Amino acid sequence: RYGQTRTIIIVNSRIETLPRELDSAVLAYGILPLIARSKGNDAGNEVGLKVVAMKRFPTPWSVFIDVYGDGFVETRGSQPVVGASEKQLPSPEWIAQRVQAHVEGLSKQ
Numbered sequence: 001r002y003g004q005t006r007t008i009i010i011v012n013s014r015i016e017t018l019p020r021e022l023d024s025a026v027l028a029y030g031i032l033p034l035i036a037r038s039k040g041n042d043a044g045n046e047v048g049l050k051v052v053a054m055k056r057f058p059t060p061w062s063v064f065i066d067v068y069g070d071g072f073v074e075t076r077g078s079q080p081v082v083g084a085s086e087k088q089l090p091s092p093e094w095i096a097q098r099v100q101a102h103v104e105g106l107s108k109q
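Shown next, in the form of C-alpha cells:
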C-alpha cells in the first residue's frame, strides 16, 4: 500500500515467512548472543565460552568470541555465511564452524 514511501522497522521479529509486502526488506542489524557450557556443568557456576553473531549493515555476519573472559575478538577468516540470507540469522552450523576454527587456531599458537 505504501510502496517505497515509508520506512518500516521490525524488532525481534518471529515471522517465519515474510509477507510479500516485505520482499524488498533488508536485515540491517542483528545480534545473536550464545554461551557454551561444559556438559558436566549443570549448576551454571562457571560460564563457558561466549559467542556473539552480529550483522551490521552493509557488512555480512561476523562472529565474536570470548574464550577466557577477557573480552571479545572477531573470528578470522572469510568463510561465507552458510544457510543465511539478507533476511535470516546464520545457521548454528556456520557459527559452530567459525568458533571451532578460532579455538583450534588458539591451540596452535
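Per our numbering, the very first residue in the sequence shown carries number 1; after that it's consecutive. All C-beta atoms in this analysis are idealised placements derived from N, C-alpha and C, irrespective of residue type, glycine included. Being a predicted model, the structure only gives us computed values, none of them experimental.
Using 8 Å as the threshold, is the C-beta distance between residue i and residue j below it?
| i | j | result |
| --- | --- | --- |
| M54 | I31 | yes |
| R56 | T75 | no |
| V110 | I95 | Nothing in the structure corresponds to residue 110, since the chain is present only between 1 and 109. |
For residue i, tell me which candidate among the options has the shortest Cα-Cα distance.
| i | options | result |
| --- | --- | --- |
| G69 | A25, E93, V51 | V51 |
| V73 | I10, S91, L49 | L49 |
| L89 | A28, D23, Q100 | A28 |
| P60 | A96, I9, V67, V26 | V26 |
| R6 | I15, L22, R14, S13 | L22 |
| A101 | G71, I65, S91 | I65 |
| P92 | P33, E104, G105 | P33 |
| I8 | S24, T17, P58, G105 | S24 |
List the endpoints of the continuous alpha helix (DSSP H) containing residue i.
| i | result |
| --- | --- |
| G105 | 92–108 |
Please report the residue range of the beta strand (DSSP E) in which residue i lies.
| i | result |
| --- | --- |
| F64 | 62–66 |
| G30 | 29–35 |
| R76 | Segment: none, R76 is in no beta strand (DSSP E) and carries neither H nor E. |
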